[in-house]
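See structure below.
Chains as they are written, first to last, in our numbering: chain A, 211 to 500; chain B, 29 to 367.
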């Protein structure tokens with residue numbers, strides 16, 4: 211039972227960052243119809259930006275988190291402008307191949323610049339932990355969970371309460387009509403990709419210090435994000451949030467009670483099962499964003 | 029002349045061991061050849077039916093493991109104390125079983141994943157490959173996990189009454205790979221020029237139209253998946269018995285990416301495409317290794333992939349054919365129909 215409670219606690223911490231990853235991807239895939247294979251690399255970049263700012267340049271930990279998110283946003287905008295804008299009318303397979311190319315370039319650039327040795331980041335939380343009876347949670351993990359929730363709430367508000375969000379939702383529903391109504395589609399696409407990228411970078415920036423940072427950490431992140439999107443239904447922030455927690459739960463239970471080697475298989479099994487039996491996702495209310 | 033040209037190419041390839049004696053380069057030729065066979069099998073799905081299967085390395089790896097385990101023998105305890113013991117069989121049996129088992133997996137994956145299309149199809153195929161990789165990594169009793177299957181026997185060749193020869197050497201393996209490659213290419217060429225091939229191209233160009241004229245789309249897709257998986261399994265088997273060691277890294281996503289780059293660079297949906305693309309990307313590492321670390325080589329790979337999609341979206345072979353005004357393969361070079 212104690213072990214189970216510990217798994218549940220871990221699920222919440224992992225699930226928060228998975229939800230961030232999933233929301234970023236569901237926005238990009240939903241609005242732009244781009245299968246973003248580089249999503250996991252944005253996640254890795256977020257983690258390395260934190261390492262660069264806080265461990266190498268000696269900045270405050272919280273400031274370096276903000277820097278990581280801002281740089282993730284800028285990197286996303288640059289990728290959109292250089293790689294995706296010129297092939298806007300291309301089919302989904304073409305953009306997929308371009309994003310795979312981008313993933314390979316980015317991952318090996320990380321490997322080249324930082325080397326294969328994993329890095330760790332010291333945080334102001336140190337090793338202190340909150341002990342509640344049989345379970346203990348480090349303060350760092352609690353902070354990660356709270357920050358992830360804040361970012362989820364922030365993106366929900368951005369999509370549902372701002373003018374930019376309204377334009378994004380309009381583009382998701384009908385690109386051509388939105389364009390006729392005066393929505394600047396090019397800008398919306400760039401903003402969407404930048405927002406999705408900064409959420410992925412935020413997930414990496416938050417989770418990186420909890421574990422270690424290595425060039426391969428993003429390898430599975432894109433696919434896990436896809437599992438979340440498929441679970442939650444396309445373009446749904448609420449669905450992606452719940453999907454993130456479900457995936458984290460499945461991984462924790464899988465690792466704890468089946469075999470730790472199969473932790474990463476859980477996401478893939480979820481993908482296969484959901485697509486076989488309920489291809490619209492568990493929470494899709496038609497194809498809608500918000 | 030047009031009919032002779034492919035055989036002249038085969039002859040040119042066959043002459044390579046006569047003038048090339050450097051073992052490193054010969055090794056590069058053999059591994060390139062194996063990957064060309066894998067790329068040819070991917071081309072059947074990607075180029076002719078238009079389905080981007082990004083889990084193709086799973087069939088390659090399944091072929092490699094099935095073939096290796098058949099020839100090494102195995103002793104595994106399944107759930108419920110059920111024990112499977114298998115005595116080592118000759119290598120050629122391993123090859124056949126590698127092809128068959130990969131084909132069966134192709135059938136199962138096709139049956140499941142062709143229910144969805146586009147991005148979802150891609151994700152299902154990748155997921156399948158990753159699950160297989162994790163099984164290979166964690167089912168240590170069967171696969172030795174990360175410790176790898178070692179001392180896999182090489183191919184043997186022989187005639188009854190004359191005795192058998194082990195194919196340890198590079199030259200022998202080169203001709204073996206070339207022979208298998210030619211057979212696979214003949215199979216694919218026959219298939220794509222038949223009724224089945226035309227049905228595949230029809231469903232690539234316009235699936236709903238193909239359905240409306242009575243083509244059983246799912247049946248042809250699954251047929252393509254089975255043949256494609258079987259050929260990938262053959263390539264995997266060659267790989268296992270040539271290297272004589274395999275570990276779960278054969279299931280790496282980057283190998284699928286390598287096959288995809290080869291196909292799209294050469295020209296998807298053309299018979300010569302995977303060979304041209306395969307030769308280019310097989311020998312880039314040979315040239316690049318003198319001045320670039322592996323990371324830089326991969327960066328080059330990725331950048332080239334983006335560049336080719338931007339500059340030559342149809343690939344090299346169709347561009348050359350257009351340049352010379354040759355269209356030898358009408359079914360494959362049809363202009364795509366814009367809806």
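Glycine included, every Cβ here is placed at the ideal spot set by N, Cα and C.
Here the structure is a predicted model, which means the values were calculated and not measured.
- Taking 8 Å as the CB threshold, residue 478 of chain A lines the interface with chain B.
- At least one CB atom of chain B sits nearer than 8 Å to the CB of residue 306 of chain A.
- By alpha-carbon distance to residue 258 of chain B, the top candidate from B/220, B/101, B/326 and B/69 is B/69.
- Look at residue 403 of chain A: its C-beta is not under 8 Å from any C-beta on chain B.
- C-alpha of residue 278 of chain A to C-alpha of residue 267 of chain A: approximately 13 Å in a straight line.
- In this structure, the CA atom of residue 158 of chain B is about 44 Å from the CA atom of residue 392 of chain A.
- Two segments are said to touch when three or more pairs of C-beta atoms, one from each, lie closer than 8 Å; by this definition the segment 253-267 of chain A touches the segment 406-420 of chain A.
- Under the 10 Å beta carbon count, residue 387 of chain A is surrounded by fewer than 16 other beta carbons and is classified as exposed.
- Partner residues in the beta bridge of residue 103 of chain B, as assigned by DSSP, are B/113.
- Within the segment 383-394 of chain A, no residue has its Cβ closer than 7 Å to any Cβ of chain B.
- Residue 175 of chain B counts as exposed, since fewer than 16 other C-beta atoms from the protein chains shown sit within 10 angstroms of its C-beta.
- Secondary-structure assignment with DSSP links residue 340 of chain A through a beta bridge to A/347.
- About 6 Å separates the beta carbons of residue 301 of chain B and residue 343 of chain B, which is inside the 8 Å limit, making them a contact pair.
- Among the residues facing chain B, residue 446 of chain A is not included, as its CB has no counterpart in that chain under 8 Å away.
- Ranked by Cα distance from residue 131 of chain B, the first of B/169, B/94 and B/62 is B/94.
- With contacts defined as CB atoms closer than 8 Å, residue 227 of chain A and residue 417 of chain A qualify as a contacting pair.
- When Cβ-Cβ separations below 8 Å define contact, residue 333 of chain B makes contact with chain A.
- If you compare the alpha carbons of A/345, A/477 and A/400 with that of residue 287 of chain A, the shortest gap goes to A/400.
- Using beta-carbon distances, residue 344 of chain B does not count as an interface residue toward chain A, since no partner is under 8 Å.
- Residue 76 of chain B and residue 295 of chain B do not touch by the CB rule: their CB atoms are close to 12 Å apart, not below 8 Å.
- Here residue 290 of chain B is buried, its C-beta having at least 16 other C-beta atoms within 10 Å.
- Residue 329 of chain A is bridged by DSSP to A/423.
- Going by beta carbons, residue 330 of chain B and residue 312 of chain A fall inside the 8 Å limit.
- For residue 436 of chain A, the neighbours in chain B by C-beta distance under 8 Å run, in chain order, 151.
- Around the CB of residue 298 of chain A, fewer than 16 other CB atoms lie within 10 Å, so the residue is classed as exposed.
- Put simply, the backbone Cα of residue 135 of chain B is about 22 Å away from that of residue 285 of chain B.
- Residue 177 of chain B has B/274 as its beta-bridge partners, per DSSP.
- In chain order, 310 and 314 make up the part of chain A whose C-beta sits under 8 Å from the C-beta of residue 285 of chain B.
- Out of B/202, B/123 and B/101, the CA that lies nearest to the CA of residue 48 of chain B is found in B/202.
- For residue 260 of chain A, the enclosing alpha helix (DSSP H) has its first and last residue at 249-260.
- Comparing alpha-carbon positions, the option among A/398, A/433, A/351 and A/355 lying closest to residue 338 of chain A turns out to be A/351.
- If you draw a 10 Å sphere on the C-beta of residue 326 of chain B, you find 16 or more other C-beta atoms in it, and that means buried.
- Per DSSP, reduced to three states, the secondary structure at residue 33 of chain B is helical.
- Taking every protein chain shown into account, the CB of residue 161 of chain B has 16 or more other CB atoms within 10 angstroms, so this residue is buried.
- Residue 251 of chain A is classed as buried because its beta carbon has at least 16 other beta carbons within 10 Å across all chains shown.
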